[in-house]
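A.B. asks: This is the structure I want to talk about, given as structure tokens.
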Amino acid sequence: MTAIDRARTVAVVGTGTMGQGIAQVALLAGHPVRLYDAAAGRAAEAAGAVGARLDRLVEKGRLERGDADEARARLHAADDLSELSDAALVVEAIVEQLPVKQELFAALEAIVAEDCLLATNTSSLSVTAIAGPLKNPGRFVGLHFFNPAPLLPLVEVVSGFATDETSATRAWATAAAWGKTPVRCADTPGFIVNRIARPFYAEAFAVYEEQGADPATIDAVLRESGGFRMGPFELTDLIGQDVNEAVTRSVWDSFFQSPKFAPSLAQRRLVESGRLGRKSGHGWFPYAGSDSAPKTAPHTAAPTAAPEAVTVVGDLGHADALVAMMEEAGIAVERVGTGGPYIELPGEGQLVPADGRTSVEYADVVYFDLALDYRGATRIALSASEDTSAQAVEEATGLFQKLGKDVSVIGDVPGMIVARTVAMLIDLAADAVARGVASPEDIDTAMRLGVNYPLGPVEWNRLLGTDWAYDLLKNLHECCPTGRYAPSLALYRQAFAAKEETAS
């Protein structure tokens, strides 16, 4: 099925920021657009605001004056819902309350043509539930735009339980014709992005609650080692702690309070205290103004001497790039093929890639965290127990400093920071694919475009090896047997297949 013809009318119900943004996208794609709001006068105000936004695009050289004038001429404010009767597509962007949405769509179904596509922009409610009272739920889809809709390319096209394939395909094609990057998704709590992104916040908050590191250090490690654009503490301050926690609680409740999606008590206390982030002047960090960045500095270890020689035991996997880097830095490297994997330090301490275990389980072990790219990373986290010798920690610190990295020494938390976060993202993605939520390609696209991840979780899985996340989470689950870190069946199957292939 092809996209909705540009000559056909698109109606947008709800004239807040998102409704106006969707209207602008449809207008610039060439459609006549009708705006409707239940509050008298709001639709006309919104039409004026959209027109003003078009004028600003002209001023910035991003839109020709003639195109802006033509778009403005195609935009109309509707005073009554009946004026939407000739629409080929109606997109709803009203308050996130199920009964209100159900009532709206029941009214729309009574006035629009049989071939009109009905769509909700909900980010938190069940598409299936919204469509439940409809006589023809087959033509109902989720079209979840990301804010601001004119700028962000991702659109999640969500099929409810009764959505027919023709409607979903038509919605996908229309979003693509509008210049967006649509991804297909089954109706699941959080859809793709808000379902799979939960560990990015939850694991950072857990490390903080476990006294592993402070917010500034956790953010810095995820940015400078993990390659994420923003850390979870500064990002939730930007989003709003109340908003972010509400999404987390919604997904958690929708999954019958599964421990994999459990909210953070520390974030709950932040919300209760009124520290909602930038909008309140204080969240995880204090803000002097609404646009100011956090001023708190991450923990960075003082300079210390690097070892002159080390022994690399076994295959370091993704971290094997460190071998060439050490040699280039003038550190003598001896390789031993069996055992490990670890880097043996001169004082007989061992520097081990994060694997979901803790240093307290072993004598003189210092763990180092995962990096997206060990050459490009500017910071590395190390963890050690109170029983780890000071010499081992200093030698490990000096080694990474010799490689040009800032070093943050954190508490002895299993899985550290980047490693446990990435492992959980991989696990949720594998589980979502196995349950038919979305394709691997659409999941990676959604996570890159929706939340600016450096890699999608499926790409991370390929990079690290399909048994890496399983092994790490298995160890984490043994340390913390709450069910939160229990690897999914999908991840187990991937890991088992990988180990069988290696054995053969």
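When we follow our numbering, the leftmost residue of the sequence shown carries the number 786, and every step to the right adds one.
Backbone N, C-alpha and C fix where the C-beta goes; we use that ideal spot for every residue, glycine too.
Which one or two residues does DSSP pair with residue 796 in a beta bridge?
C.D. replies: Counted from its first residue, the sequence shown places residue 796 at position 11. DSSP, once it has assigned bridges, lists 819 and 875 as partnering residue 796.
A.B. asks: Helix, strand or coil, according to DSSP, for residue 1193 in the structure here?
C.D. replies: Your numbering for residue 1193 matches position 408 in the sequence shown. Here residue 1193 sits in strand by DSSP.
A.B. asks: Going by C-alpha distance, which of 888, 855 and 797 is nearest residue 872?
C.D. replies: Reading the sequence shown from its first residue, position 87 is the one you call residue 872. For the residues 888, 855 and 797, the minimum Cα distance to residue 872 belongs to 797.
A.B. asks: Just grab the DSSP bridge partners of residue 1062 for me.
C.D. replies: Counting from one through the sequence shown, the residue named residue 1062 turns up at place 277. The partner list for residue 1062 (beta bridge, DSSP) reads 1067.
A.B. asks: Ends of the beta strand (DSSP E) at residue 1263?
C.D. replies: Here residue 1263 refers to the residue found at position 478 of the sequence shown. Per DSSP, residue 1263 belongs to no beta strand (DSSP E); it is in the alpha helix (DSSP H), 1253-1264.
A.B. asks: So, do the region 913-929 and the region 942-952 have three or more beta carbon pairs nearer to each other than 8 Å?
C.D. replies: These segments touch.
A.B. asks: Output needed for residue 1222: all residues of its chain with C-beta closer than 6 Å, excluding positions within five of it in sequence on either side, in chain order.
C.D. replies: For the purposes of this step, residue 1222 is identified with residue 437 of the sequence shown, where counting begins at 1. Closer than 6 Å at Cβ, skipping near neighbours: 971 and 973.
A.B. asks: Have a look at the DSSP bridge pairing and note the partners of residue 888.
C.D. replies: Indexing the sequence shown from 1 puts residue 888 at position 103. Answer is none; residue 888 lacks a bridge partner.
A.B. asks: Return the CA-CA distance between residue 967 and residue 814, expressed in angstroms with no decimal places.
C.D. replies: On the sequence shown, residue 967 is found 182 positions in, with the first residue counted as 1. On the sequence shown, residue 814 is found 29 positions in, with the first residue counted as 1. The alpha-carbon atoms of residue 967 and residue 814 are separated by roughly 15 Å.
A.B. asks: Span of the beta strand (DSSP E) holding residue 1217?
C.D. replies: Position 432 of the sequence shown, counted from the first residue, corresponds to residue 1217. Note, residue 1217: premise wrong, no beta strand (DSSP E); alpha helix (DSSP H) at 1203-1219.
A.B. asks: Using DSSP with H/G/I as helix, E/B as strand and the rest coil, what is residue 1166?
C.D. replies: The residue you call residue 1166 lines up with position 381 of the sequence shown. In this structure, residue 1166 counts as strand in the three-state DSSP scheme.
A.B. asks: Is it the case that the Cβ atoms of residue 1116 and residue 1184 are separated by a distance below 9 Å?
C.D. replies: Translated into positions along the sequence shown, residue 1116 becomes position 331. Translated into positions along the sequence shown, residue 1184 becomes position 399. Yes.
A.B. asks: Compare the Cα-Cα distances from residue 989 to each of 981, 1001 and 979 and report the closest residue.
C.D. replies: Position 204 of the sequence shown holds residue 989. That would be 1001, whose Cα lies nearest to the Cα of residue 989.
A.B. asks: Residue 1197 and residue 1011 - do their beta-carbons sit closer together than 9 Å?
C.D. replies: The residue you call residue 1011 lines up with position 226 of the sequence shown. The residue you call residue 1197 lines up with position 412 of the sequence shown. No.
A.B. asks: By the three-class DSSP mapping on this structure, what secondary structure does residue 1095 have?
C.D. replies: Residue numbering aside, residue 1095 sits at position 310 when the sequence shown is read from its first letter. Note: residue 1095 maps to strand in three-state DSSP.
A.B. asks: Which two residues bound the contiguous beta strand (DSSP E) that contains residue 1128?
C.D. replies: Numbered from 1 along the sequence shown, position 343 holds the residue referred to as residue 1128. 1127-1129 is the span of the beta strand (DSSP E), which, as asked, contains residue 1128.
A.B. asks: Using CA atoms only, rank isn't needed, just tell me which of 1162, 982, 1130 and 1188 is closest to residue 1212.
C.D. replies: Here residue 1212 corresponds to residue number 427 of the sequence shown, with the count starting at 1. Cα-wise, what sits closest to residue 1212 is 982.
A.B. asks: With respect to the beta strand (DSSP E) encompassing residue 969, which residues constitute its N-terminal and C-terminal limits?
C.D. replies: For the purposes of this step, residue 969 is identified with residue 184 of the sequence shown, where counting begins at 1. It spans 966-971 - the beta strand (DSSP E) in which residue 969 sits, taken as one unbroken run.
A.B. asks: So, with DSSP's three-state summary, where would you put residue 1053?
C.D. replies: The count along the sequence shown starts at 1 and reaches residue 1053 at position 268. Residue 1053 falls in the helix class under three-state DSSP.
A.B. asks: On a CA-only basis, which of 849, 862 and 816 is nearest residue 834? Give me that one, please.
C.D. replies: Along the sequence shown, read from residue 1 onward, the residue named residue 834 stands at position 49. Ranking 849, 862 and 816 by Cα distance to residue 834 puts 862 first.
A.B. asks: Cβ of residue 1230 within 8 Å of any heavy atom in the ligand NAP?
C.D. replies: This structure lacks the ligand NAP; in fact it carries no ligand of any kind.
A.B. asks: Which residue from 880, 902, 1131 and 1237 puts its Cα closest to that of residue 790?
C.D. replies: In the sequence shown, the residue the question calls residue 790 occupies position 5. Nearest of 880, 902, 1131 and 1237 to residue 790, Cα basis: 902.
A.B. asks: If you draw a straight line from the alpha carbon of residue 1046 to that of residue 1215, how long is it in whole angstroms?
C.D. replies: Position 261 of the sequence shown holds residue 1046. Position 430 of the sequence shown holds residue 1215. Their Cα atoms are separated by approximately 15 Å.
A.B. asks: Could you pull the start and end residues of the alpha helix (DSSP H) that residue 1019 belongs to?
C.D. replies: Counting from 1 along the sequence shown, the entry for residue 1019 is found at position 234. First-last of the alpha helix (DSSP H) with residue 1019: 1017-1024.
A.B. asks: Around the Cβ of residue 932, are there at least 16 other Cβ atoms within 10 angstroms (buried) or fewer (exposed)?
C.D. replies: Taking the first residue of the sequence shown as position 1, residue 932 is located at position 147. Burial call: exposed.
A.B. asks: By Cβ distance below 8 Å, which residues in the same chain neighbour residue 827 in space, the five residues on each side in sequence not counted?
C.D. replies: The residue you call residue 827 lines up with position 42 of the sequence shown. 800, listed in sequence order.
A.B. asks: Need the endpoints of the alpha helix (DSSP H) that residue 1108 sits in, please.
C.D. replies: Translated into the one-based positions of the sequence shown, residue 1108 becomes position 323. 1106-1113 is the span of the alpha helix (DSSP H), which, as asked, contains residue 1108.
A.B. asks: Along the chain, which unbroken stretches of the alpha helix (DSSP H) at least 4 residues long are found entirely within the region 919-977?
C.D. replies: Within the region 919-977, the complete alpha helix (DSSP H) runs of at least 4 residues are 950-962.
A.B. asks: Rounded to whole angstroms, how far is the Cβ of residue 1141 from the Cβ of residue 1200, which I believe are closer than 8 Å?
C.D. replies: Indexing the sequence shown from 1 puts residue 1141 at position 356. Indexing the sequence shown from 1 puts residue 1200 at position 415. About 5 Å; that satisfies the 8 Å criterion.
A.B. asks: Taking the C-alpha atoms as reference points, what is the distance between residue 793 and residue 1026?
C.D. replies: Position 8 of the sequence shown holds residue 793. Position 241 of the sequence shown holds residue 1026. For residue 793 and residue 1026, the distance between alpha carbons rounds to 41 Å.
A.B. asks: Please tell me whether residue 1205 and residue 992 are closer than 9 Å, where the distance is taken between their beta carbons.
C.D. replies: As a first step, residue 1205 must be located in the sequence shown, where it is residue number 420. As a first step, residue 992 must be located in the sequence shown, where it is residue number 207. Cβ distance < 9 Å, so residue 1205 and residue 992 count as in contact.
A.B. asks: What's the gap between the Cα of residue 1105 and the Cα of residue 1112?
C.D. replies: In the sequence shown, residue 1105 corresponds to position 320, counting from 1. In the sequence shown, residue 1112 corresponds to position 327, counting from 1. Approximately 12 Å between the Cα atoms of the pair.
A.B. asks: From what residue to what residue does the alpha helix (DSSP H) around residue 1243 run?
C.D. replies: Along the sequence shown, read from residue 1 onward, the residue named residue 1243 stands at position 458. 1242-1249 is the span of the alpha helix (DSSP H), which, as asked, contains residue 1243.
A.B. asks: With residue 905 and residue 920 assumed to form a contact (beta carbons below 8 Å), what rounded beta-carbon distance in angstroms separates them?
C.D. replies: Here residue 905 is taken as the residue at index 120 of the sequence shown, counted from 1. Here residue 920 is taken as the residue at index 135 of the sequence shown, counted from 1. The pair is not a contact, with the Cβ atoms about 17 Å apart (cut-off 8 Å).
A.B. asks: On a Cα-Cα basis, can you pick out the residue from 896, 842, 939 and 882 that is closest to residue 915?
C.D. replies: Here residue 915 corresponds to residue number 130 of the sequence shown, with the count starting at 1. Taking only the C-alpha atoms, the option nearest residue 915 is 882.
A.B. asks: If I measure Cβ to Cβ from residue 870 and keep anything under 7 Å in the same chain, skipping five residues before and after, which residues do I get?
C.D. replies: Taking the sequence shown and counting its residues from 1, the one referred to as residue 870 is at position 85. For residue 870, where only same-chain residues beyond five positions count, the Cβ hits under 7 Å are 896 and 897.
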